[in-house]
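Under my numbering, read the sequence shown as residues 10 to 324, first letter to last.
Yeah, the Cβ is synthetic: ideal placement off N, Cα and C, and Gly gets one too.
Here is the structure we will look at, set down as structure tokens.
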Amino acid sequence: MLPVGRTNRTRPGRPGAGTLAATIGLCATLLPASNALAGKARDYLNAPVNTWVTFYNLGFSTSVAPVSEGADYGIAGITTDVTSQSLILSRILDVGGRTGGLSLVLPHADIDVAAGPFGADAAGVGDIGVVAEVNLFGAPALSREAFADWTPETFASAHLLATFPTGAYDADDPVNVGSNRWSLAPTINYSYTPDAGRTWLEAYATARIFGDNSDAPGAADRLKQRPLYQLELHASRNLTPDLWLTADAYYDRGGETVRDGEDQDNAADTWRLGAGLGLRLPSIGTLFLNYDAAVSAPAGQPEGETFRLTLARVW
Numbered sequence: 010m011l012p013v014g015r016t017n018r019t020r021p022g023r024p025g026a027g028t029l030a031a032t033i034g035l036c037a038t039l040l041p042a043s044n045a046l047a048g049k050a051r052d053y054l055n056a057p058v059n060t061w062v063t064f065y066n067l068g069f070s071t072s073v074a075p076v077s078e079g080a081d082y083g084i085a086g087i088t089t090d091v092t093s094q095s096l097i098l099s100r101i102l103d104v105g106g107r108t109g110g111l112s113l114v115l116p117h118a119d120i121d122v123a124a125g126p127f128g129a130d131a132a133g134v135g136d137i138g139v140v141a142e143v144n145l146f147g148a149p150a151l152s153r154e155a156f157a158d159w160t161p162e163t164f165a166s167a168h169l170l171a172t173f174p175t176g177a178y179d180a181d182d183p184v185n186v187g188s189n190r191w192s193l194a195p196t197i198n199y200s201y202t203p204d205a206g207r208t209w210l211e212a213y214a215t216a217r218i219f220g221d222n223s224d225a226p227g228a229a230d231r232l233k234q235r236p237l238y239q240l241e242l243h244a245s246r247n248l249t250p251d252l253w254l255t256a257d258a259y260y261d262r263g264g265e266t267v268r269d270g271e272d273q274d275n276a277a278d279t280w281r282l283g284a285g286l287g288l289r290l291p292s293i294g295t296l297f298l299n300y301d302a303a304v305s306a307p308a309g310q311p312e313g314e315t316f317r318l319t320l321a322r323v324w
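Right, here's the structure in full:
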């Protein structure tokens, strides 16, 4: 576990400032989280069995969310900047003749929150995740030799991500990298190609289910979060065999938080649009670049943009 450093830059001396700072930290930590979990076009393409695949992800997101009664403290909104990294190690398996896999997800984040005279930051290793997945149809288990001659086809797969409360967490800190709770996220993808892999039209549907945080930040004792439902739509087209462009849409709904039984009225109902590219680099791997930004969000919800870079390699 890497050391985690935090700095609480809250300026004291105003009535209620501590309570407001805790509220800012809670909002900034929970609401922008779905952006960091966004996928990309061609996330689930087939790979030869009995191989390893590594992914290095680097992302930067910035968001601004209004805060109730913030004007009393000279605060127009909460600005949250997150630099996230993750290393994913995947083993591709033969599951009854279908492609499957097991993955370990090791995340790291650097979070900086500012709201008028208040500020806080946190950096360190986040909650470790494990992914199990299996193809439903269209992506048979293939050796390296057979895979070289295989023509890509329409397919669907099932995936299950579980995260565990391994990241550093302190309820007295307004911002944390760890969440102090578990989560489960089942995903189904449907990936359609009409022309043997030159074009992909894809839909990913996810439901994120959260455990309770029994040591909530601020004055609350218990923090709950209702399920968050996410839909991703991706269209990608090859310009050359090694270069493709993508258009992306993301929709988030639900995920309202509940503090000691009191609804926080912060459920998501948000659309984001984006674009990206993929590039195969000989002897290095495949590089993905993506950008997305919020285009529709309810009043009180954060709006922002995200840049992401991924490098994937089969070993």
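For residue j and residue i, the rounded distance between their alpha carbons
{"i": "residue 76", "j": "residue 125", "result": "11 Å"}
{"i": "residue 248", "j": "residue 205", "result": "14 Å"}
{"i": "residue 289", "j": "residue 101", "result": "20 Å"}
{"i": "residue 161", "j": "residue 211", "result": "14 Å"}
{"i": "residue 200", "j": "residue 91", "result": "30 Å"}
{"i": "residue 31", "j": "residue 128", "result": "Residue placement at residue 31 cannot be trusted, given a pLDDT of 48 that sits under 50; the coordinates are not used to answer."}
{"i": "residue 283", "j": "residue 276", "result": "22 Å"}
{"i": "residue 209", "j": "residue 179", "result": "44 Å"}
{"i": "residue 314", "j": "residue 300", "result": "7 Å"}
{"i": "residue 281", "j": "residue 69", "result": "15 Å"}
{"i": "residue 177", "j": "residue 157", "result": "44 Å"}
{"i": "residue 271", "j": "residue 170", "result": "28 Å"}
{"i": "residue 302", "j": "residue 215", "result": "19 Å"}
{"i": "residue 168", "j": "residue 237", "result": "16 Å"}
Contact check, residue i vs residue j, beta carbons under 7 Å
{"i": "residue 231", "j": "residue 221", "result": "yes"}
{"i": "residue 196", "j": "residue 213", "result": "yes"}
{"i": "residue 143", "j": "residue 107", "result": "yes"}
{"i": "residue 174", "j": "residue 119", "result": "no"}
{"i": "residue 50", "j": "residue 245", "result": "yes"}
{"i": "residue 229", "j": "residue 269", "result": "yes"}
{"i": "residue 133", "j": "residue 184", "result": "no"}
{"i": "residue 61", "j": "residue 324", "result": "yes"}
{"i": "residue 325", "j": "residue 151", "result": "Given that the chain is displayed from residue 10 to residue 324, the structure contains no residue 325 and the question cannot be resolved."}
{"i": "residue 307", "j": "residue 278", "result": "yes"}
Selected residue, minimal CA-CA separation from residue i, among the options
{"i": "residue 318", "options": "116, 298 and 305", "result": "298"}
{"i": "residue 123", "options": "85, 139, 60 and 100", "result": "85"}
{"i": "residue 254", "options": "227, 286, 272 and 229", "result": "286"}
{"i": "residue 291", "options": "302, 273 and 322", "result": "322"}
{"i": "residue 98", "options": "87, 90 and 111", "result": "111"}
{"i": "residue 260", "options": "241, 133 and 176", "result": "241"}
{"i": "residue 294", "options": "257, 252 and 215", "result": "252"}
{"i": "residue 140", "options": "233, 96, 315 and 257", "result": "96"}
{"i": "residue 193", "options": "178, 209 and 218", "result": "218"}
{"i": "residue 172", "options": "116, 166 and 148", "result": "116"}
{"i": "residue 109", "options": "55, 63, 130 and 64", "result": "55"}
{"i": "residue 224", "options": "237, 243 and 188", "result": "188"}
{"i": "residue 166", "options": "191, 154, 104 and 190", "result": "104"}
{"i": "residue 267", "options": "154, 53, 233 and 65", "result": "233"}
{"i": "residue 71", "options": "154, 94, 63 and 87", "result": "87"}
Environment of residue i [buried if 16+ CB atoms lie within 10 Å]
{"i": "residue 146", "result": "exposed"}
{"i": "residue 250", "result": "exposed"}
{"i": "residue 59", "result": "exposed"}
{"i": "residue 304", "result": "exposed"}
Closer than 7 Å to chain D by CB, residue i
{"i": "residue 292", "result": "This model lacks chain D altogether, as it is built from one protein chain only."}
Report task. Would you mind listing the beta strand (DSSP E) stretches within the segment 106–149 that are 3+ residues and don't spill past its ends, in chain order? Result -> 107–124, 127–134 and 138–146
Query raised in the report: Which runs of the beta strand (DSSP E), 3 residues or longer, sit entirely within the segment 46–99?
Result: Taken in chain order, the whole beta strand (DSSP E) runs of length 3 or more contained in the segment 46–99 are 61–74.
Requested in this report: Jot down the residue ranges of each uninterrupted beta strand (DSSP E) in the segment 263–317, minimum 3 residues, whole runs only, in chain order.
Outcome: Within the segment 263–317, the complete beta strand (DSSP E) runs of at least 3 residues are 266–268, 277–290 and 294–305.
**Report entry** beta strand (DSSP E) segments (min. 3 residues) lying fully within the segment 224–254
**Finding:** List check, beta strand (DSSP E) in window: 232–234 and 237–249.
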